[in-house]
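Trainee: Residue numbering for the sequence shown is 1 to 209, as defined by the UniProt record's numbering. All C-beta atoms in this analysis are idealised placements derived from N, C-alpha and C, irrespective of residue type, glycine included.
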Amino acid sequence: MAAPLLDTIASNGKVFVESGDDSARQAIVAAASSLIQEIENPGEQLARIGWGEPTRAAAFRTAFELGLLQKLGDEPQSSEELSKGTKADPVLVARVMKHLAANGAIKEVDADRYIGTPFSKSTNDPAIQGGLIYSFEGMIPTFQGLPEFLAKTDYQVPKDANNGPVQYGLKTEKPFFSILQGNARLGSAFNGFMAGYAKVRPRWVDFYI
Numbered sequence: 001m002a003a004p005l006l007d008t009i010a011s012n013g014k015v016f017v018e019s020g021d022d023s024a025r026q027a028i029v030a031a032a033s034s035l036i037q038e039i040e041n042p043g044e045q046l047a048r049i050g051w052g053e054p055t056r057a058a059a060f061r062t063a064f065e066l067g068l069l070q071k072l073g074d075e076p077q078s079s080e081e082l083s084k085g086t087k088a089d090p091v092l093v094a095r096v097m098k099h100l101a102a103n104g105a106i107k108e109v110d111a112d113r114y115i116g117t118p119f120s121k122s123t124n125d126p127a128i129q130g131g132l133i134y135s136f137e138g139m140i141p142t143f144q145g146l147p148e149f150l151a152k153t154d155y156q157v158p159k160d161a162n163n164g165p166v167q168y169g170l171k172t173e174k175p176f177f178s179i180l181q182g183n184a185r186l187g188s189a190f191n192g193f194m195a196g197y198a199k200v201r202p203r204w205v206d207f208y209i
């Protein structure tokens with residue numbers, strides 16, 4: 001199975017490098033994701049699911065909340081420099097940044113010297129900021145609570161929109177939009193995220209009219 005995926009990456013990689021074709025880019029991403037699943041051993045998958053992904057999200061949220069990601073550009077900065085203007089211990093900042101660099105979210109170009117990546121730089125975009133806040137404070141708690149919610153409801157398909165995984169994960173009895181109305185930060189983040197998402201997604205009228 002690995003060989004066809006490698007062929008797909010190679011052939012579409014050539015097209016993408018030569019033309020920047022987005023369908024080729026998407027094919028590369030899909031094949032690369034499948035390739036990881038194909039060639040990782042069970043121990044590596046466990047490490048990624050159990051430790052890698054949760055700790056990456058935790059480090060990313062910490063760096064985002066401190067404004068560290070928003071400071072990163074093309075000029076290398078140290079953890080000491082990045083910690084200025086925050087209350088954070090530079091040693092802690094260094095640990096967070098090294099973890100993010102190890103996961104490719106940022107780049108460490110020299111010992112304790114960091115620059116941004118396209119995604120870390122995008123955290124200055126209000127739509128991306130909204131998406132991150134909504135993910136950290138809305139979606140992730142919901143999905144973390146989902147297995148327990150399903151177990152408590154005997155694994156039945158949720159039928160009550162006002163008493164489902166969202167309410168369980170966020171520890172509230174409010175309907176979804178009442179949650180957003182009652183939490184200014186979360187509501188603003190959701191609105192900003194949706195507005196930005198709408199700008200980059202094809203409109204249905206472009207297909208049906």
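So, at 7 Å on beta carbons, what are the nonlocal neighbours of residue 5 in its own chain, with the 5 sequence-adjacent residues on each side left out?
Mentor: As a working mapping, residue 5 is identified with position 5 in the sequence shown. Contacts found: 31, 34, 35 and 38.
Trainee: So residue 81 is in the beta strand (DSSP E); what residue range does that whole segment cover?
Mentor: Indexing the sequence shown from 1 puts residue 81 at position 81. Premise fails: residue 81 lies in the alpha helix (DSSP H), 79-83, not in any beta strand (DSSP E).
Trainee: Leaving out the 5 sequence neighbours to the left and right, which residues in its chain are closer than 8 Å to residue 107 when beta-carbon positions are compared?
Mentor: Position 107 of the sequence shown, counted from the start, is the residue given in the question as residue 107. Correct list, in chain order: 101, 114, 115, 116 and 117.
Trainee: Using a Cβ-Cβ cut-off of 7 Å (strictly less than) and excluding sequence neighbours within five positions of residue 27, which residues of its own chain qualify?
Mentor: As a first step, residue 27 is located in the sequence shown; it is residue number 27 there, counting from the start. Once the five neighbours on either side are set aside, the close Cβ partners of residue 27 are 8 and 12.
Trainee: Based on DSSP bridge pairs, tell me the residues matched to residue 107.
Mentor: On the sequence shown, position 107 is the one that residue 107 refers to. Bridge partners of residue 107: 115.
Trainee: Entirely within the region 18-48 and at least 4 residues each: give me those alpha helix (DSSP H) ranges in chain order.
Mentor: 22-39 and 42-47
Trainee: Below 7 Å between beta carbons: does that hold for residue 103 and residue 56?
Mentor: Counted from its first residue, the sequence shown places residue 103 at position 103. Counted from its first residue, the sequence shown places residue 56 at position 56. Yes, Cβ-Cβ distance for residue 103 and residue 56 is below 7 Å.
Trainee: Mind listing, in chain order, the continuous alpha helix (DSSP H) runs of no fewer than 4 residues lying wholly within the region 129-157?
Mentor: Annotation: the region 129-157 contains the following complete segments of the alpha helix (DSSP H) (minimum length 4 residues), in chain order: 140-152.
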